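Chains as they are written, first to last, in this note's numbering: chain A, 117 to 584; chain B, 232 to 345.
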């Protein structure tokens, strides 16, 4: 609960800091506020509390998810140094909105009542609509914002209708209240409850961009400013999966047999669509957005095979995915700014193709190494965190005996290796521009930290075990 | 569906069965969905989304008064407040698009493809 209060207050504080002429204070202040919130998050460690009329519950799991979300936000904000120099940008507003969106993410992680889930989802989404459209003069950013907004508001309506139906059939908005009326799986679910659950799931699956509700993802991730794409693909996804896990395990764990088939089919579609479409992309940024769809698919395996291992698997996977994604987008930011094989056209098409990475590893060994490690981690190669993430996720499916899902997942991760290695091949084996990219110290430290974290988790995955 | 506590529900509401409310709000909701899927003007799509949200509000109120439980009505207040926030952001985005393209036809937005 403390981080919610702290982040709300510091968001308003950052908006006031924006009145100052000088922008130098903004970035350190935002980072400091995040660190304070991260520290305050662990204040209740090993205790379980209910807050706000039993609408929020903080336990170790929710604190770990909150830490992942705040940590990702810290890394992303640290990479946003360009806003301070850019005349057009409004860093105070951006940082303020990021703080508010984190409040929404924490609500989604620790909700105990569907009202809180709705408010959290909307707080996060509305903030993301603004950030997506923050590049006001860029048509691509405008289009992405409008698409995201219209589709997001549409699925919010569907999600709310689902919640209303759940309320109608169970008479309660609390997770325990709903669980109490679904304990008896023999008599089946009433139609209202079943339709309500499906509509609520559609709303949440949209937010984590699972196919067939993924159509917004490539456009929005592609059109949004890269730094906010990094934020969206990590924070929104982690919070969404925390919410899905909590909802399904607490409220609907007793009626697992009724929903797992649907979720497993959605999982298989997501894996195939995400991975196969990513192969055909020429823009690195667009490839990353399809890759984020495919990672939503891997995370969904853990939910479709809900069991004792799921909790740990999802936490580990979202941590590994977030760190690798942020490091990849960090390198992309530098490359897109400083390499210009194609000039910035009137359509606002940026230099984000695979060709822009040609020969990167020769001029900038550090950038090449960071990118290579994050690609290997996303592809799930051993000695990186991504390998263990996939390992834990796959073992949940084995435990439930869902072998066909496992076969699909393994085949699709083999497809994934192809498009992740395209970047590595471009960096190490192709000739490109001769001029090295200037890397500021902040970038160097953040990329190094992300790379080291990926490798450490890949070598010693047990570090995270037993934490919660 | 039988009302749980007869005393607290006004007679007028009881004369209409709960199923009718369910059908009415489902119909409104479906009209909203059709509007979103078929119209090309961003403002009209937006209005259809508001229609969907208000169908949900109606349904929640009906369930809430038949169950004599205030939680549903509290939720409606939250939905109205959040919808207002969403409207302000949504209109701002539409105005931003209009300034750049002089149009709010969603069919013209095709810069981002595959």
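Glycine included, every Cβ here is placed at the ideal spot set by N, Cα and C.
In this text the structure is predicted, and so the values were computed from the model without any measurement.
Chain A contact for residue i (CB, 7 Å cutoff)
i: residue 290(B); result: yes
i: residue 308(B); result: no
i: residue 276(B); result: yes
i: residue 287(B); result: yes
i: residue 315(B); result: no
i: residue 338(B); result: no
i: residue 255(B); result: no
i: residue 280(B); result: yes
i: residue 259(B); result: no
i: residue 272(B); result: no
Continuous beta strand (DSSP E) stretch holding residue i: start and end
i: residue 186(A); result: No beta strand (DSSP E) holds residue 186(A); the alpha helix (DSSP H) holding it covers 176-194.
i: residue 166(A); result: 165-167
Opening and closing residue of the alpha helix (DSSP H) in which residue i lies
i: residue 527(A); result: 519-545
i: residue 433(A); result: 426-454
i: residue 335(A); result: 332-339
i: residue 401(A); result: 400-420
i: residue 351(A); result: Residue 351(A) -> no alpha helix (DSSP H), and no H or E assigned at all.
i: residue 561(A); result: 557-575
i: residue 385(A); result: 372-395
i: residue 311(A); result: 307-323
i: residue 119(A); result: 118-133
i: residue 247(B); result: Residue 247(B) -> no alpha helix (DSSP H), and no H or E assigned at all.
i: residue 506(A); result: 501-516
i: residue 477(A); result: 476-479
i: residue 337(B); result: Segment: none, residue 337(B) is in no alpha helix (DSSP H) and carries neither H nor E.
i: residue 343(A); result: 342-347
i: residue 198(A); result: 198-201
Span separating the alpha-carbon of residue i from that of residue j
i: residue 295(A); j: residue 367(A); result: 4 Å
i: residue 580(A); j: residue 243(A); result: 31 Å
i: residue 282(A); j: residue 173(A); result: 21 Å
i: residue 271(B); j: residue 297(B); result: 39 Å
i: residue 256(A); j: residue 425(A); result: 41 Å
i: residue 383(A); j: residue 307(A); result: 24 Å
i: residue 158(A); j: residue 565(A); result: 22 Å
i: residue 277(A); j: residue 371(A); result: 21 Å
i: residue 93(A); j: residue 248(B); result: Only positions 117 to 584 of chain A appear in this structure, which leaves residue 93(A) out of reach.
i: residue 442(A); j: residue 453(A); result: 17 Å
i: residue 190(A); j: residue 494(A); result: 20 Å
Interface flag, residue i vs chain B, CB-CB below 7 Å
i: residue 294(A); result: no
i: residue 382(A); result: no
i: residue 252(A); result: yes
i: residue 276(A); result: yes
i: residue 200(A); result: no
i: residue 265(A); result: yes
i: residue 280(A); result: yes
i: residue 390(A); result: no
i: residue 231(A); result: yes
i: residue 181(A); result: no
i: residue 319(A); result: no
i: residue 273(A); result: yes
Any non-hydrogen atom of the ligand ADP within 6 Å of residue i CB
i: residue 264(A); result: What this structure holds is no ligand at all, so the ligand ADP is not there to describe.
Where residue i sits in the DSSP three-state scheme
i: residue 157(A); result: helix
i: residue 298(A); result: coil
i: residue 469(A); result: strand
i: residue 290(A); result: strand
i: residue 361(A); result: helix
i: residue 227(A); result: strand
i: residue 172(A); result: strand
i: residue 258(A); result: helix
i: residue 272(B); result: strand
i: residue 328(A); result: coil
i: residue 280(B); result: helix
Proximal chain A residues relative to residue i, where beta-carbon distance stays under 9 Å
i: residue 300(B); result: 283, 287, 288
Amino acids of chain A, ordered along the chain, whose beta-carbon sits closer than 7 Å to that of residue i
i: residue 328(B); result: 258, 262
i: residue 311(B); result: Chain A residues near residue 311(B): none, gap ~12 Å exceeds 7 Å.
i: residue 267(B); result: 270
Cross-chain neighbours of residue i in chain B, by beta carbon under 8 Å
i: residue 245(A); result: 320, 321, 324
i: residue 238(A); result: 313, 316, 317
7 Å Cβ cutoff, residue i in contact with chain C
i: residue 242(A); result: Note that chain C does not occur in the displayed structure, where the protein chains are A and B.
Proximal chain B residues relative to residue i, where beta-carbon distance stays under 9 Å
i: residue 234(A); result: 306, 309, 310, 313
i: residue 255(A); result: 328, 331, 332, 340, 342
Partners in chain B for residue i, counting only beta-carbon separations shorter than 7 Å
i: residue 249(A); result: 324, 327
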